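> Structure in structure tokens, see below.
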Amino acid sequence: MIKFPAQSWRSSIFARLVITYLIFVLPLILLGLYLYNWSYDNASQEISSSTERRLTRYLDELNREIEWLELQQFDIVEDRKLNRLAILWGMMDQVERRDTLNYLSERLATFKNSSAYIKNVYVHIRTIGKSISATHGIDDYDKASYEYFSSGMQGKGARFTVKEDTMNLSAVRLTGKKGEEPLFAVQVELDTEQFQNALTQLNLYSDSGSFLIEEKTGHIITDVSKRDLILPYYRDHITDSDHGGFQVKVEGTRYYVSQSHMGPLGLSVATYLPEESVKRPLSKFYHWAWLFAMTSFVAISAYLYSSYRLIHIPLLLLVKRFKKMETGVLDIPIVHKRKDEFGFLYSRFNQMLEKLQLLIDRDFKKTMMMQRAELKQLQSQINPHFLYNSFFIINSLARTGDTARIEQFANMLGEYFRFITRNGTDHVRLEEEAAHSSVYTEIQKLRFSRRIQADFGELPLDMKQIRVPRLIIQPIIENAYEHSLEKMTDQGMLRVRFSMKGNIAEISVEDNGHELTDLHIHALQERLLEDGNSDEMTGLMNIHRRLVLTFGEGSGLFLARSELQGLKVTIRIRREGRQSECIDF
């Protein structure tokens with residue numbers, strides 16, 4: 003599985019492609035959402051405005067109708083025959099009485115038929131003890147109705163009188179004498195069903211509703227559906243303005259309520275409709291908006307997926323190959339079947355790998371040949387001082403007649419020269435390298451037994467089989483004697499230690515010489531890492547480069563201040579991902 007490289011996601015090409023695509027697509031999506039919200043708000047406002055206009059027009063028409071009814075009612079009150087009948091009833095004969103009553107009955111019927119809002123028209127005449135109606139003609143005197151409509155029970159300033167859940171227009175004819183009851187009362191009974199039908203016509207949708215309120219008495223007329231869901235909440239939200247609206251939530255459903263008020267009539271009309279009814283005309287657009295959003299999402303996903311497969315994955319594959327190259331792995335050609343730009347790029351990458359492998363092989367072989375030549379030169383150069391001093395030691399032992407030590411010393415010299423002059427292989431087991439270095443140290447102990455002490459540690463068992471380049475320890479010990487310990491008159495100290503820390507093997511050679519300062523040690527380490535070529539660094543540089551070539555970066559020589567206050571040279575061998583065997587060139 004290809005993983006993302008450790009870099010900022012925002013700086014990747016894939017992220018830039020995604021951002022560029024979103025820059026072009028998101029405005030379209032946002033525009034679609036804006037158009038939907040705008041259409042919804044516009045539809046809501048248009049419905050609200052249309053409803054308010056319908057309510058206002060309805061009240062205006064109703065007001066004109068009521069004014070006309072009141073005018074006709076006033077004409078009846080002022081009718082001469084009606085007044086003559088009420089005043090001169092006792093002086094009229096039967097024929098005149100009958101003719102006048104028939105006249106009034108016909109006039110009331112004509113009045114009733116002149117308006118759909120009139121259910122019946124009554125004249126209650128106290129003086130003759132009769133009631134005349136448009137539908138029933140001459141009837142017995144309805145004293146209760148007379149008293150109700152003539153006593154002012156309708157309330158002060160009210161234009162309508164509510165009796166038995168029915169709205170009425172009423173007027174009386176006074177006698178002109180204070181304290182005397184009116185001659186008669188004219189009652190115009192309004193048709194509740196007609197009001198309901200008119201309110202139903204105000205409903206824009208089947209699930210909307212309307213109602214009419216007589217403000218003085220609080221009488222309410224609903225449409226034919228008789229739904230009264232909003233009524234309990236209406237008075238809590240009613241406003242003082244002639245027009246307006248509000249929203250209310252009833253039983254989990256939100257309603258839009260529009261109202262209109264007619265002050266002269268003392269009437270208010272309101273209509274309400276569910277929010278869903280407002281959204282219903284936009285449902286098709288709503289579905290298209292969702293389809294647009296889903297299509298955009300699918301398009302974005304498809305684009306991102308195709309971009310990821312066609313661009314990002316090939317780039318990540320190339321990055322992965324480069325990272326493997328950083329670790330030294332070059333046998334990683336890329337196989338690409340499609341003939342596109344990445345095919346060309348991969349082809350050039352594979353050619354680069356081949357050329358790089360060829361150059362590295364040439365350079366590596368050249369370097370190894372140089373290292374081997376240096377090693378052979380190092381082996382062929384027998385330190386004359388070491389040789390002379392060895393002969394002097396043998397001579398001194400011979401004079402004292404210490405044949406046992408002469409034999410021991412001769413054997414050590416033989417082992418020493420046999421190891422450094424052996425040309426069979428460039429790498430040996432660390433056990434052999436440590437044994438050779440121990441022999442050299444023992445020879446030097448005999449030579450400087452009075453001035454210098456040596457402590458050669460034991461090699462751990464898990465380090466013995468590690469194969470290392472030859473002559474990596476003894477030259478460092480020799481360097482310690484030559485440049486530091488030989489100059490000391492007494493109390494010189496050399497210490498060699500072996501340790502294994504995880505996958506790192508370390509060999510430390512340290513002395514207590516006083517020739518080097520911390521600054522000098524740091525400078526030597528820097529030159530060692532920079533492949534310095536000074537004469538005093540030739541031996542150490544040879545060892546360092548052979549260790550790096552054999553065991554990779556992280557291996558080599560590392561210089562530091564010793565706990566003995568002299569120089570400490572640490573040989574570090576990293577064994578991670580490598581075998582203990584080395585390849586000879």
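Take 3 as the starting number for the sequence shown in our numbering and just add one per residue.
Where a beta carbon is used, it is the ideal one built from N, C-alpha and C, also for glycine.
The model shown is predicted, which means the values in this text are computed figures rather than measured ones.
1. Going by alpha carbons, who is nearest to LEU37 out of SER133, ILE222 and PHE294?
2. Are the Cβ atoms of LEU561 and VAL571 separated by less than 7 Å?
3. Looking only at its own chain, which residues have a Cβ that is under 6 Å from the Cβ of GLU517, when we skip the five neighbours before and after it?
4. Put GLN381 into one of helix, strand or coil per three-state DSSP.
5. Apart from the five residues just before and just after LEU566, which ones in its own chain have a Cβ nearer than 7 Å to its Cβ?
6. Which value, in whole angstroms, describes the spacing of the CA atoms of LEU569 and LEU559?
7. Does DSSP put GLU555 in a helix, in a strand, or in coil?
8. Who does SER279 pair with in a DSSP beta bridge?
9. Which one of SER557, GLU195 and ALA272 has the shortest CA to CA distance from ARG56?
10. State the DSSP-derived secondary structure class of PHE607, mapped to helix, strand or coil.
11. Measure the alpha-carbon distance for LYS5 versus ASP333 and round it to whole angstroms.
12. In the DSSP assignment, the alpha helix (DSSP H) including MET94 goes from what residue to what residue?
13. Between the segment 101 to 117 and the segment 131 to 145, can you find at least three pairs of beta-carbon atoms closer than 8 Å?
14. Of all the beta strand (DSSP E) runs that stay within the bounds of the segment 441 to 467, which reach a length of 3 or more residues?
15. Rounded to the nearest angstrom, what separates ARG576 and PRO462 at their Cα positions?
16. Buried or exposed for GLN156, please, with buried defined as at least 16 other CB atoms from any protein chain shown within 10 angstroms of its CB.
17. Is it true that the CB of MET414 sits closer than 7 Å to the CB of GLU444?
18. So, under 8 Å CB-CB, ILE395 and LEU361 are touching, yes? Tell me the CB distance rounded to an integer number of Å.
19. Counting Cβ pairs closer than 8 Å, one from the segment 86 to 100 and one from the segment 295 to 314, do we hit at least three?
20. Can you name, in chain order, every residue of its own chain whose Cβ lies under 7 Å from the Cβ of ARG18, other than the five neighbours on each side?
21. Mapping DSSP to helix, strand and coil, what is ASN122?
22. Just the Cα atoms here: how many angstroms apart are ALA173 and ASP101?
23. If you draw a straight line from the C-alpha of ILE408 to the C-alpha of LEU399, how long is it?
24. Three Cβ pairs or more, each shorter than 8 Å: is that satisfied between the segment 259 to 277 and the segment 45 to 65?
25. Would you please state the rounded distance, in angstroms, between the beta carbons of THR402 and PRO471? I believe it to be under 8 Å.
26. Buried or exposed: which applies to PHE346, given that a residue is buried once 16 or more other Cβ atoms fall within 10 Å of its Cβ?
27. Within 10 angstroms of its Cβ, does ARG128 collect 16 or more other Cβ (buried), or is it exposed?
28. Given a cut-off of 7 Å on the beta-carbon distance, is the pair ASP193 and SER212 in contact?
29. What are the boundary residues of the beta strand (DSSP E) that includes ILE223?
30. Residues in its own chain within less than 6 Å of VAL430 by CB, not counting five upstream and five downstream?
31. Under the assumption that SER116 contacts GLN74 (Cβ atoms under 8 Å), give the Cβ distance between them as a whole number of angstroms.
32. Where does ILE21 land, buried or exposed, given buried means 16+ other C-beta within 10 angstroms?
33. Return the Cβ separation of ARG210 and SER262 in integer angstroms, given the expectation that the two are a contact with Cβ distance under 8 Å.
34. With distance defined between alpha-carbon atoms, name the residue in ALA291, TYR124 and GLU216 nearest to ASP144.
35. Could you check whether VAL259 and GLY268 sit closer than 7 Å to each other, using their CB atoms as the reference points?
36. Looking at the structure shown, is ARG175 part of a helix, part of a strand, or coil, going by DSSP?
To lay it out plainly:
1. Taking the sequence shown and counting its residues from 1, the one referred to as residue 37 is at position 35. The shortest C-alpha separation from LEU37 is found at PHE294.
2. Walking along the sequence shown from the start, residue 561 turns up at place 559. Walking along the sequence shown from the start, residue 571 turns up at place 569. Between LEU561 and VAL571, the gap from beta carbon to beta carbon is short of 7 Å.
3. On the sequence shown, residue 517 is found 515 positions in, with the first residue counted as 1. Here the set comprises SER486.
4. Stepping through the sequence shown from its first residue, residue 381 is reached at position 379. In this predicted model, GLN381 has a pLDDT of only 49, less than 50, meaning its place in the structure is not dependable; the value taken from the coordinates is given anyway. GLN381: helix per DSSP, three-state reduction.
5. Position 564 of the sequence shown, counting from 1, holds the residue named residue 566. Apart from the 5 residues on each side of it in sequence, LEU566 sits with its Cβ closer than 7 Å to the Cβ of MET495, ARG497, GLU512, ASP513 and ASN514 in its chain, given in chain order.
6. Taking the sequence shown and counting its residues from 1, one reaches residue 569 at position 567. Taking the sequence shown and counting its residues from 1, one reaches residue 559 at position 557. LEU569 and LEU559: Cα-Cα distance of roughly 12 Å.
7. Here residue 555 is taken as the residue at index 553 of the sequence shown, counted from 1. GLU555 carries a coil assignment under DSSP once its states are collapsed to helix, strand and coil.
8. Sequence index remark: in the sequence shown, residue 279 carries index 277 (1-based). In the DSSP secondary-structure assignment, SER279 is not bridged to any residue.
9. To locate residue 56, count along the sequence shown from 1; it is residue 54. Ranking the options by Cα distance to ARG56, first place goes to ALA272.
10. Past the boundaries of the shown model lies residue 607; the chain is included only from 3 to 587, so the question cannot be answered.
11. Taking the first residue of the sequence shown as 1, we reach residue 5 at position 3. Taking the first residue of the sequence shown as 1, we reach residue 333 at position 331. With a pLDDT of 47 at LYS5, under the threshold of 50, the modelled position of this residue cannot be trusted, and the question is left open.
12. Here residue 94 corresponds to residue number 92 of the sequence shown, with the count starting at 1. Bounds of any alpha helix (DSSP H) do not take in MET94, whose DSSP letter is neither H nor E.
13. These segments touch.
14. Segments of the beta strand (DSSP E) lying fully in the segment 441 to 467: 454 to 458.
15. Working through the sequence shown from its first residue, we reach residue 576 at position 574. Working through the sequence shown from its first residue, we reach residue 462 at position 460. In a straight line, the C-alpha of ARG576 is about 16 Å away from that of PRO462.
16. Residue numbering aside, residue 156 sits at position 154 when the sequence shown is read from its first letter. In this prediction, GLN156 scores a pLDDT of 46, lower than 50, which makes its location untrustworthy; the coordinate-derived value is nonetheless stated afterwards. Answer is buried; the Cβ neighbour count reaches 16.
17. Residue 444 sits at position 442 when you count from the first residue of the sequence shown. Residue 414 sits at position 412 when you count from the first residue of the sequence shown. For GLU444 and MET414, yes; Cβs fall inside 7 Å.
18. Translated into the one-based positions of the sequence shown, residue 395 becomes position 393. Translated into the one-based positions of the sequence shown, residue 361 becomes position 359. Their Cβ separation, rounded to whole angstroms, is 51 Å, which puts ILE395 and LEU361 out of contact at 8 Å.
19. Not touching, per the Cβ criterion.
20. Mapped onto the sequence shown, residue 18 falls at position 16. Close CB contacts of ARG18 within its chain, under the 7 Å cut and outside five residues either way in sequence, are absent.
21. Taking the sequence shown and counting its residues from 1, one reaches residue 122 at position 120. DSSP places ASN122 in strand when its eight states are reduced to three.
22. On the sequence shown, residue 173 is found 171 positions in, with the first residue counted as 1. On the sequence shown, residue 101 is found 99 positions in, with the first residue counted as 1. Computed Cα separation, rounded: 24 Å.
23. In the sequence shown, residue 408 corresponds to position 406, counting from 1. In the sequence shown, residue 399 corresponds to position 397, counting from 1. In this model, ILE408 and LEU399 are separated by some 6 Å (Cα to Cα).
24. In short, these stretches touch, since the Cβ pair count reaches three.
25. On the sequence shown, position 400 is the one that residue 402 refers to. On the sequence shown, position 469 is the one that residue 471 refers to. With 8 Å as the limit, THR402 and PRO471 do not qualify as a contact, their Cβ atoms being about 40 Å apart.
26. By one-based count along the sequence shown, residue 346 stands at place 344. Exposed is the call here.
27. In the sequence shown, residue 128 corresponds to position 126, counting from 1. Burial of ARG128 is indicated by the presence of at least 16 other C-beta atoms within 10 angstroms of its C-beta.
28. Stepping through the sequence shown from its first residue, residue 193 is reached at position 191. Stepping through the sequence shown from its first residue, residue 212 is reached at position 210. Taking 7 Å as the Cβ cut-off, ASP193 and SER212 do not qualify as a contacting pair.
29. Numbered from its first residue, the sequence shown carries residue 223 at position 221. 221 to 224 is the span of the beta strand (DSSP E), which, as asked, contains ILE223.
30. Against the sequence shown, residue 430 aligns to sequence position 428. If you ignore the 5 residues before and after VAL430, its C-beta comes within less than 6 Å of the C-beta of ARG472, all in its own chain and listed in chain order.
31. The residue you call residue 116 lines up with position 114 of the sequence shown. The residue you call residue 74 lines up with position 72 of the sequence shown. Right, the Cβ-Cβ distance comes to about 7 Å (below 8 Å), so this counts as a contact.
32. What you label residue 21 is simply residue 19 of the sequence shown in a count that begins at 1. A residue is called buried once 16 or more other Cβ atoms fall within 10 Å of its Cβ, and ILE21, having fewer, is exposed.
33. Here residue 210 corresponds to residue number 208 of the sequence shown, with the count starting at 1. Here residue 262 corresponds to residue number 260 of the sequence shown, with the count starting at 1. Contrary to the premise, residue 210 reads as Ser rather than Arg in this sequence. The pair is not a contact, with the Cβ atoms about 15 Å apart (cut-off 8 Å).
34. Position 142 of the sequence shown holds residue 144. Of the candidates ALA291, TYR124 and GLU216, the one whose C-alpha sits nearest the C-alpha of ASP144 is TYR124.
35. Walking along the sequence shown from the start, residue 268 turns up at place 266. Walking along the sequence shown from the start, residue 259 turns up at place 257. In this structure, VAL259 does not lie closer than 7 Å to GLY268 by Cβ.
36. Here residue 175 is taken as the residue at index 173 of the sequence shown, counted from 1. In this structure, ARG175 counts as strand in the three-state DSSP scheme.
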